[in-house]
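Asker: Here it is, the structure, as structure tokens.
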Amino acid sequence: MTTQASSLTQKDRGRVTDRAFWLICIGAGIIVLVILAAILVSTLNQSWPAISNTGENGFFTSKVWDPNEGKFGTLAFMFGTVMVSLIAILFAVPISIGIALFLTELAHRRIKGTVVTLIDLLASVPSVVFGLWGIYFFAPTLKPVYDWLHNALGDIPVIGALFGSANANSFMTAGLVVAIMIIPIITSITREVFDTVPDSDKQAAWALGATRWEMIRGAVFPHSFGGIVGAVILGLGRAMGETVAVALVIGASIQITPNLLAPGYTIPAGIINLFGESSGDFTAALIGMGVILFLVTVVVNLLAQVIVRRAELRMRGAA
Amino acid sequence: MTAASEARRVPVVAGGLKRGSLSFRRRFVDIFSKVLMTVALLLAVTPLVLVLIYVAQRGGKVISLDFFTEDIVPSPRRSGGGMAPAIVGTLIITGAASLLAIPLGVLGAVYLNEYGKKNALARFIRIMSDVMTGVPSIVMALFIYVAVVLVTGDKTGLAAALALAALMLPVVLRSSEEMLKLVPDELRQASAALGARRWKATVSVVLPAAISGITSGIMLAIARAAGETTPIVVCAGIAYSVSWDLNSQQTALPAQIFSNAAQPFDPAVARAWGAALTLTIIVLVFTLAARFVASRFAIKNR
Numbered sequence: 000m001t002t003q004a005s006s007l008t009q010k011d012r013g014r015v016t017d018r019a020f021w022l023i024c025i026g027a028g029i030i031v032l033v034i035l036a037a038i039l040v041s042t043l044n045q046s047w048p049a050i051s052n053t054g055e056n057g058f059f060t061s062k063v064w065d066p067n068e069g070k071f072g073t074l075a076f077m078f079g080t081v082m083v084s085l086i087a088i089l090f091a092v093p094i095s096i097g098i099a100l101f102l103t104e105l106a107h108r109r110i111k112g113t114v115v116t117l118i119d120l121l122a123s124v125p126s127v128v129f130g131l132w133g134i135y136f137f138a139p140t141l142k143p144v145y146d147w148l149h150n151a152l153g154d155i156p157v158i159g160a161l162f163g164s165a166n167a168n169s170f171m172t173a174g175l176v177v178a179i180m181i182i183p184i185i186t187s188i189t190r191e192v193f194d195t196v197p198d199s200d201k202q203a204a205w206a207l208g209a210t211r212w213e214m215i216r217g218a219v220f221p222h223s224f225g226g227i228v229g230a231v232i233l234g235l236g237r238a239m240g241e242t243v244a245v246a247l248v249i250g251a252s253i254q255i256t257p258n259l260l261a262p263g264y265t266i267p268a269g270i271i272n273l274f275g276e277s278s279g280d281f282t283a284a285l286i287g288m289g290v291i292l293f294l295v296t297v298v299v300n301l302l303a304q305v306i307v308r309r310a311e312l313r314m315r316g317a318a
Numbered sequence: 197m198t199a200a201s202e203a204r205r206v207p208v209v210a211g212g213l214k215r216g217s218l219s220f221r222r223r224f225v226d227i228f229s230k231v232l233m234t235v236a237l238l239l240a241v242t243p244l245v246l247v248l249i250y251v252a253q254r255g256g257k258v259i260s261l262d263f264f265t266e267d268i269v270p271s272p273r274r275s276g277g278g279m280a281p282a283i284v285g286t287l288i289i290t291g292a293a294s295l296l297a298i299p300l301g302v303l304g305a306v307y308l309n310e311y312g313k314k315n316a317l318a319r320f321i322r323i324m325s326d327v328m329t330g331v332p333s334i335v336m337a338l339f340i341y342v343a344v345v346l347v348t349g350d351k352t353g354l355a356a357a358l359a360l361a362a363l364m365l366p367v368v369l370r371s372s373e374e375m376l377k378l379v380p381d382e383l384r385q386a387s388a389a390l391g392a393r394r395w396k397a398t399v400s401v402v403l404p405a406a407i408s409g410i411t412s413g414i415m416l417a418i419a420r421a422a423g424e425t426t427p428i429v430v431c432a433g434i435a436y437s438v439s440w441d442l443n444s445q446q447t448a449l450p451a452q453i454f455s456n457a458a459q460p461f462d463p464a465v466a467r468a469w470g471a472a473l474t475l476t477i478i479v480l481v482f483t484l485a486a487r488f489v490a491s492r493f494a495i496k497n498r
């Protein structure tokens with residue numbers, strides 16, 4: 000196409016500009032790759048003294064975190080991150096799938112626009128505002144519920160361990176706040192997936208006399224299973240990275256406990272809360288936690304993309 | 197007569213085309229599923245409404261004209277003062293981040309959609325920018341802390357702006373690309389037929405055609421960036437008086453909310469609510485404006 004154009008206008012200046020514009024554009028695209036590589040190299044380099052510690056107080060293997068003694072074991076932070084993200088996923092996924100179904104299969108076109116705007120607004124409320132609301136409204140509101148759960152279930156063996164003594168600021172509160180925050184992203188992806196279900200499949204289900212729910216179960220779900228899994232993993236990635244809201248409502252206690260109602264800590268919350276008072280090895284350890292978070296979120300996001308792409312391909316093949 | 201009508205009615209009842217002829221279990225499950233979907237929606241919308249009401253109530257008591265014009269009182273115990281330095285900080289830090297991220301993002305999108313298309317590099321950039329969208333803001337803040345703050349030796353508003361720009365870049369890139377994809381190929385072919393070069397066609401035909409969608413995506417990205425807390429806390433330092441200098445220490449609304457929220461003193465908490473209301477209004481206005489731009493000036497479906 001370029002050669003064709005040049006034979007028409009015969010001006011070298013134009014060709015140079017064309018080339019320069021291409022260079023600028025490709026450079027802008029490549030910056031993404033440069034930044035990702037730079038993140039890995041610079042943070043890894045800075046935190047190596049902390050990460051490379053594999054002895055008794057190993058960075059990945061110890062649960063003793065005592066900056067005054069120079070002990071930086073991150074196990075408790077990792078545990079908290081997993082706990083909070085799992086709680087968040089557990090609550091956010093069914094709700095998100097419900098909303099996505101409501102939007103694609105149930106809602107009238109006019110209601111649809113309003114609902115989409117509302118979910119967009121939910122996504123745009125800043126994390127720190129959710130955190131503030133969490134401390135002063137959500138956590139105090141949940142406390143009586145926690146107390147009730149503790150009294151009702153606390154004495155049952157095994158399950159009781161999950162409902163120990165109740166705190167307003169806890170894994171549970173953090174998980175629920177994060178759930179609210181990841182609902183929009185999971186909803187939007189599941190909705191896209193549901194939208195790709197071929198109309199012919201749905202109409203076939205109607206024609207066989209299926210009710211709406213039977214149509215959803217028989218035509219919509221089988222088509223979108225892969226996509227939903229991808230959306231869940233993507234939500235998991237977001238949940239793990241949530242920082243300020245979690246830092247405000249999790250109660251800042253470095254411990255490993257099965258009690259969902261106990262205060263805890265997550266990796267990002269630990270970094271943001273402790274960063275100001277840290278120096279030297281302490282800072283290196285916090286940056287090291289950032290490296291863990293970075294690597295895990297990159298892997299999780301890549302995985303989610305592979306799954307979503309695969310599902311899309313398979314769907315296109317079927318349709 | 198009666199026999200004939202009887203005969204006609206039987207198949208209808210047995211064939212079950214009427215809703216009433218469904219078995220109780222099927223009807224119940226169907227209705228129950230609809231109720232659950234509606235409940236799911238309510239469960240998500242309730243927190244939104246509660247947050248907005250609560251922020252408006254608590255923040256509304258604090259906000260006055262002075263709140264927007266006065267300097268921040270450094271002591272969490274003393275009341276009074278305003279949020280002017282944080283408002284200015286939010287404006288210039290987010291502004292600088294946008295100036296960096298928007299041109300890079302849009303040009304990158306032009307590469308992906310106009311040049312790279314489906315080649316290996318373009319596909320790799322696409323995947324990696326989706327991955328970059330998922331990188332938590334705290335990681336980006338630590339990166340800029342290590343790569344900029346430690347190197348220059350100072351926390352500055354500019355460092356925070358760089359972190360925000362890195363967070364905005366993949367969002368702007370991918371949303372702009374989606375919008376460029378919607379531009380009909382006939383426009384490109386028509387420009388080529390008129391003898392326009394690739395860059396000329398892109399700059400004067402393709403980009404203008406997609407500009408409303410791109411703008412809407414950019415505004416959403418700005419709204420998200422304005423609410424980011426961690427880059428400000430980690431990279432921007434602290435400030436109590438208004439400064440328009442990006443090269444000095446700065447503060448911004450999210451950082452003020454975060455540092456005041458956990459204070460045990462009422463005046464500080466009141467300031468946090470005031471800042472939260474200010475920030476929420478800024479972010480919501482940008483979000484709604486983005487939707488308006490997108491729907492009002494959308495590419496006409498043909």
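Keeping their order, the protein sequence lines are chains A and B. Residue 146 in this note's numbering sits at position 147 of the first sequence, with consecutive numbering throughout. Residue 418 in this note's numbering sits at position 222 of the second sequence, with consecutive numbering throughout. C-beta: ideal position from N, C-alpha, C; glycine also.
(1) Which residues of chain C have a Cβ atom closer than 7 angstroms to the Cβ of A/D194, listed in chain order?
(2) Looking at the structure shown, is B/W440 part of a helix, part of a strand, or coil, going by DSSP?
(3) Using a Cβ-Cβ cutoff of 9 angstroms, what residues of the region 217 to 244 of chain B are near chain A? List them in chain order.
(4) Beta carbons nearer than 9 angstroms to chain A: which residues of the region 324 to 347 of chain B have them?
(5) Could you check the C-alpha separation between B/V489 and B/L378 for me, to the nearest Å?
(6) Say whether the region 319 to 329 of chain B touches the region 351 to 368 of chain B, bearing in mind that this needs 3 or more beta-carbon pairs closer than 8 angstroms, one atom from each stretch.
(7) At a cut of 8 angstroms, does the region 339 to 354 of chain B reach the region 34 to 49 of chain A through at least three beta carbon pairs?
(8) Quick one: does the C-beta of A/A106 sit closer than 6 angstroms to a heavy atom of the ligand NAD?
(9) Listed from N- to C-terminal order along the chain, which residues in the region 452 to 465 of chain B have their beta-carbon within a distance smaller than 8 angstroms of any beta-carbon of chain A?
(10) Straight-line CA distance for A/N166 to B/A362?
(11) Looking only at its chain, what residues have a beta carbon closer than 7 angstroms to the beta carbon of A/G250, apart from the 5 residues adjacent to it on each side?
(12) May I have the straight-line CA-CA distance separating A/I266 from A/G133, to the nearest angstrom?
(13) Using a Cβ-Cβ cut-off of less than 9 angstroms, list which residues of the region 289 to 312 of chain B approach chain A; keep chain order.
(14) Which of helix, strand or coil does DSSP assign to B/F139?
(15) Can you list the alpha helix (DSSP H) stretches of 4 or more residues lying completely in the region 305 to 340 of chain B, in chain order?
(16) To the nearest angstrom, how far is the alpha carbon of A/I227 from that of A/L105?
(17) Is A/D65 helix, strand or coil by DSSP?
(18) Measure the C-alpha to C-alpha separation of B/I334 and B/T425 and round it to an integer number of angstroms.
(19) Assuming contact is defined by CB atoms lying nearer than 7 angstroms, are A/A284 and A/A138 in contact in what I supplied?
(20) Would you say B/A507 reaches chain A, if we count a Cβ-Cβ gap shorter than 7 angstroms as a contact?
(21) Identify every residue that forms a DSSP beta bridge with A/F71.
(22) In this structure, does DSSP put A/F137 in helix, strand or coil?
(23) Examine the Cβ distances between the region 61 to 77 of chain A and the region 275 to 293 of chain A and report whether three or more of them are shorter than 8 angstroms.
(24) Interface residues of chain B around A/T16 at Cβ under 9 angstroms?
(25) Counting only the same chain and skipping the five closest in sequence on each side, list residues whose C-beta sits under 6 angstroms from that of B/A464.
(26) Enumerate in chain order the residues of its own chain whose CB-to-CB distance from A/D119 is below 8 angstroms, with the five nearest sequence positions on each side excluded.
(27) Check the Cβ of A/T210 against every Cβ in chain B and list those closer than 8 angstroms, keeping chain order.
(28) If we cut at 7 angstroms on Cβ distances, does B/A419 have a partner in chain A?
(29) Near B/L436, which residues of its chain fall below 7 angstroms by C-beta distance, leaving aside the five closest residues on each side in sequence?
(30) What whole-angstrom Cβ distance do B/F482 and B/M415 have, given they're in contact under 8 angstroms?
(31) So, does the CB of A/A47 fall closer than 7 angstroms to a CB anywhere in chain B?
(32) Using Cβ-Cβ distances below 9 angstroms, what residues of the region 439 to 452 of chain B are close to chain A?
(33) Say whether chain A places a C-beta atom closer than 7 angstroms to the C-beta of B/A406.
(34) Just reading off the alpha helix (DSSP H) that B/S372 is part of, what are its end residues?
(35) Do B/T447 and B/G285 have their CB atoms nearer than 7 angstroms?
(36) Closer than 7 angstroms by beta-carbon distance: list the chain B residues that pair up with A/G289, in chain order.
Answerer: In this structure, then:
(1) Of the protein chains in this structure, namely A and B, none is chain C.
(2) Position 244 of the second sequence, counted from the first residue, corresponds to residue 440 of chain B. If DSSP states are grouped into helix, strand and coil, B/W440 belongs with coil.
(3) Shown in chain order are the members of the region 217 to 244 of chain B whose Cβ falls below 9 angstroms from a Cβ of chain A: L218, R222, R223, V225, D226, I227, F228, S229, K230, L232, M233, T234, V235, A236, L237, L239, A240, V241, P243 and L244.
(4) Those would be M324, S325, D326, V327, M328, T329, G330, V331, P332, S333, I334, V335, M336, A337, L338, F339, Y341, V342, A343 and L346, in chain order.
(5) Residue mapping note: residue 489 of chain B aligns to position 293 of the second sequence, counting from 1. Residue mapping note: residue 378 of chain B aligns to position 182 of the second sequence, counting from 1. Roughly 16 angstroms between the two C-alpha positions.
(6) Remark: three or more beta-carbon pairs, one from each stretch, lie closer than 8 angstroms, so the region 319 to 329 of chain B and the region 351 to 368 of chain B are flagged as touching.
(7) A contact exists between the region 339 to 354 of chain B and the region 34 to 49 of chain A.
(8) For the ligand NAD, the structure offers nothing, since it holds no ligand at all.
(9) Within the region 452 to 465 of chain B, the residues whose Cβ lies closer than 8 angstroms to some Cβ of chain A are I453, F454, A457, A458 and V465, listed in chain order.
(10) Position 167 of the first sequence, counting from 1, holds the residue named residue 166 of chain A. Position 166 of the second sequence, counting from 1, holds the residue named residue 362 of chain B. Each residue's alpha carbon lies about 37 angstroms from the other.
(11) Against the first sequence, residue 250 of chain A aligns to sequence position 251. These residues qualify, in order along the chain: N166, N168, S169, P262 and G263.
(12) In the first sequence, residue 266 of chain A corresponds to position 267, counting from 1. In the first sequence, residue 133 of chain A corresponds to position 134, counting from 1. In this structure, the alpha-carbon of A/I266 lies about 19 angstroms from that of A/G133.
(13) Taking 9 angstroms as the Cβ-Cβ cut-off against chain A, the residues of the region 289 to 312 of chain B that qualify are P299, L300, G301, V302, L303, G304, A305, V306, Y307, L308, E310, Y311 and G312.
(14) The first residue shown for chain B is 197 and the last is 498, placing residue 139 of chain B beyond what the model contains.
(15) With a minimum length of 4 residues, the continuous alpha helix (DSSP H) runs that stay inside the region 305 to 340 of chain B are 316 to 329 and 333 to 340.
(16) Here residue 227 of chain A refers to the residue found at position 228 of the first sequence. Here residue 105 of chain A refers to the residue found at position 106 of the first sequence. Roughly 19 angstroms separates the two Cα atoms.
(17) Mapped onto the first sequence, residue 65 of chain A falls at position 66. A/D65 falls in the strand class under three-state DSSP.
(18) In the second sequence, the residue the question calls residue 334 of chain B occupies position 138. In the second sequence, the residue the question calls residue 425 of chain B occupies position 229. Cα-Cα distance, rounded: 9 angstroms.
(19) In the first sequence, counting from the first residue as 1, residue 284 of chain A sits at position 285. In the first sequence, counting from the first residue as 1, residue 138 of chain A sits at position 139. Contact flag unset, no.
(20) Residue numbering for chain B in the displayed model covers 197 to 498; residue 507 of chain B lies beyond these limits and cannot be assessed.
(21) In the first sequence, residue 71 of chain A corresponds to position 72, counting from 1. A/W64.
(22) Along the first sequence, read from residue 1 onward, the residue named residue 137 of chain A stands at position 138. Assigned with DSSP and collapsed to three states, A/F137 falls in helix.
(23) By the C-beta criterion, the region 61 to 77 of chain A is judged to be in contact with the region 275 to 293 of chain A, since at least 3 inter-stretch pairs fall below 8 angstroms.
(24) As a working note, residue 16 of chain A is residue 17 in the first sequence. Going along chain B in sequence order, the residues near A/T16 (Cβ under 9 angstroms) are R393, W395 and K396.
(25) The count along the second sequence starts at 1 and reaches residue 464 of chain B at position 268. Contacts found: P272 and N456.
(26) By 1-based counting over the first sequence, the position of residue 119 of chain A is 120. Excluding positions up to five away in sequence, the list reads P183.
(27) In the first sequence, the residue the question calls residue 210 of chain A occupies position 211. Chain B residues near A/T210: L218, R222, R223, V225 and D226.
(28) The residue labelled residue 419 of chain B in the question sits at position 223 within the second sequence. Between B/A419 and chain A, the shortest Cβ-Cβ separation is below 7 angstroms.
(29) Your numbering for residue 436 of chain B matches position 240 in the second sequence. Residue identity differs from the one stated: residue 436 of chain B is Tyr in this sequence, not Leu. Scanning its chain for C-beta atoms nearer than 7 angstroms, with the 5 sequence neighbours on each side dropped, one finds around B/Y436 the residues D267, I268, P270 and P281, in chain order.
(30) Within the second sequence, numbered from 1, the residue matching residue 482 of chain B stands at position 286. Within the second sequence, numbered from 1, the residue matching residue 415 of chain B stands at position 219. Right, their Cβ atoms sit about 5 angstroms apart.
(31) Within the first sequence, residue 47 of chain A is the residue found at index 48, counting from 1. It is worth fixing the name first, because residue 47 of chain A is Trp in this sequence and not Ala. So, not an interface residue.
(32) Taking 9 angstroms as the cut-off between beta carbons, the residues of the region 439 to 452 of chain B near chain A are L449, P450 and A451, in sequence order.
(33) For the purposes of this step, residue 406 of chain B is identified with residue 210 of the second sequence, where counting begins at 1. Chain A, which has no Cβ nearer than 7 angstroms to the Cβ of B/A406, makes this no.
(34) Your numbering for residue 372 of chain B matches position 176 in the second sequence. Unbroken alpha helix (DSSP H) run through B/S372: G353 to L378.
(35) Counting from 1 along the second sequence, the entry for residue 447 of chain B is found at position 251. Counting from 1 along the second sequence, the entry for residue 285 of chain B is found at position 89. Their beta carbons are under 7 angstroms apart, which means B/T447 touches B/G285 by this criterion.
(36) Mapped onto the first sequence, residue 289 of chain A falls at position 290. Near A/G289 (Cβ distances below 7 angstroms), the residues of chain B are I334, V335 and L338.
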